[in-house]
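Below is one structure, written out as structure tokens; the observations come after it.
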Amino acid sequence: MTLLYVQTLNGLQLGVLLFLIAAGLTLVFGVMDFINLAHGVQYMIGAYLAAMFTALTGNFFYGLALALPSALAFGLLLEFLIFRHLYDRDHLDQVLATFGIILFLNQAVKVVWGAAPLSVPIPDVLSGSIRLMDGLLYPVYRLAIIGSGLAIAVLLGILVSRTRIGMLVRAGASNAPMVSALGVDIGKLFMIVFGFGAMLAGFAGAMVAPILSVEPGMGDNLLILTFVVIVIGGIGSVRGAFIAAILVGLVDTLGRVFGPQVLRALMDPSAASQAGRALAPMLTYILMAAILFFRPGGLFPAKK
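To convert a position in the sequence shown, counted from 1, into my numbering, add 25.
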């Protein structure tokens, strides 16, 4: 049971990180109808910026405070120089162009910061472990990641559902041409959505920098899971992205740990171990296929 509790918290942490990346991506996709494969690069850039500013200031929180606006500025720069010229192109052009950006920036960080992985120290105030119950100690910093992600989810939900900007974003996700016809500067709306999404992804990268190696290409694998999240949750839906991210995080984490143990009840241990390792990476895609079979638009698709 202790292992179950620990892995559930790990799955929740992964889900929160996926949500921070997926929230911006689903809005970009839903509002702009723009496929941005380079969104995972924003996660990587956020981690590198946090590592750089933490080394310069000697304080993780100062480094985080400087990394967030820098990630926002970098996202807006990419939007101004490259992405806005792709909005009217077809999806194949968008995929090819943003994939090229992935390759370019993965090499660019090697030039700027080197190819060797970087590390960021956990701040002293968040170091150590906390006793959650008998026999269960869990790192304080990982709990801080979960708490900060959940707090941002609540604030983002309020922003999207209770403010004028949020109203325009929801309207743009439902019918962008109509929003533009009503006099809204759709280009400015696109820029705000893109920059905010880049900052959220950068925040996710900055928060994991103390517990993962900061290295080129670190966002590529998460990008695949992020697309699974927005498809399950419904394109353009922040609420759907949150629920889907938690589901994917739990299924992926618990499946990798307990899949082989469940299979041992059906086959011999060696075969169960091999089958479990092979099946575990497939569980999230099986979940996606099952949900889309019953709800082709995802759990909470944007209403048209």
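Every residue gets a Cβ at the ideal spot worked out from N, C-alpha and C, and that includes glycine.
Residue i to residue j, Cα distance in whole Å?
i: Met26; j: Met158; result: 11 Å
i: Gly220; j: Ala98; result: 7 Å
i: Tyr30; j: Phe283; result: 12 Å
i: Asp118; j: Leu111; result: 7 Å
i: Ile60; j: Leu151; result: 37 Å
i: Gly153; j: Leu161; result: 13 Å
i: Gln32; j: Leu272; result: 13 Å
i: Pro326; j: Gln132; result: 36 Å
Residue i by DSSP, collapsed to three states: which one?
i: Tyr112; result: coil
i: Leu21; result: Because the chain spans 26 through 329 in this model, residue 21 falls outside it and cannot be assessed.
i: Leu308; result: helix
i: Val239; result: strand
i: Leu121; result: helix
i: Leu247; result: helix
i: Leu324; result: coil
i: Thr188; result: coil
i: Met26; result: coil
i: Asn200; result: helix
i: Val209; result: coil
i: Asp277; result: helix
i: Leu131; result: For clarity, residue 131 is Asn in the given sequence; the question names Leu instead. Looking at Asn131 - three-state DSSP - the assignment turns out to be helix.
i: Ile60; result: coil
i: Ser298; result: helix
i: Gly83; result: coil
i: Ile107; result: coil
i: Pro94; result: helix
i: Ala234; result: coil
i: Asp159; result: coil
i: Asp149; result: helix
i: Ser262; result: coil
What residues are listed by DSSP as bridge partners for residue i?
i: Ile257; result: Answer by DSSP bridge pairing: none, since Ile257 is not bridged.
i: Pro164; result: Ser154
i: Leu288; result: None, per the DSSP bridge assignment.
i: Leu143; result: Val239
To which residues of the same chain is residue i closer than 6 Å at the C-beta, ignoring the five residues directly before and after it?
i: Ala80; result: none
i: Ile170; result: Gln38 and Met232
i: Leu184; result: Gly191
Looking only at its own chain, which residues have a Cβ that is under 8 Å from the Cβ of residue i, when we skip the five neighbours before and after it?
i: Pro146; result: Thr79, Phe85 and Pro235
i: Ser238; result: Pro142, Leu143 and Ser144
i: His107; result: Strictly speaking, residue 107 in this sequence is Ile, with His absent from that position. These residues qualify, in order along the chain: Ala122 and Ile126.
i: Met313; result: Val253, Val256 and Ile257
i: Thr251; result: Leu43, Ile46, Ala47, Leu50, His64 and Gly65
Rounded to whole angstroms, how far is the Cβ of residue i from the Cβ of residue j, which I believe are closer than 8 Å?
i: Leu279; j: Ile46; result: Contact flag wrong, Cβ pair sits at about 20 Å.
i: Gly265; j: Gly274; result: With 8 Å as the limit, Gly265 and Gly274 do not qualify as a contact, their Cβ atoms being about 15 Å apart.
i: Leu42; j: Ala229; result: 5 Å
Ordered along the chain, which non-local residues of its own chain (more than five positions away) have a Cβ less than 7 Å from that of residue i?
i: Phe44; result: Gly174, Ala178, Ala266, Phe267 and Ala270
i: Gln67; result: Ala96, Gly100, Ala223, Ala226 and Gly227
Can residue i be considered in contact with the ligand FAD, in the sense that its beta carbon sits closer than 7 Å to one or more heavy atoms?
i: Thr188; result: As for the ligand FAD, it is missing from this structure, which has no ligand bound.
Counting only C-beta atoms, is residue i closer than 8 Å to chain C at any point?
i: Asp58; result: Absent here is chain C; the protein component of the structure consists of one chain.
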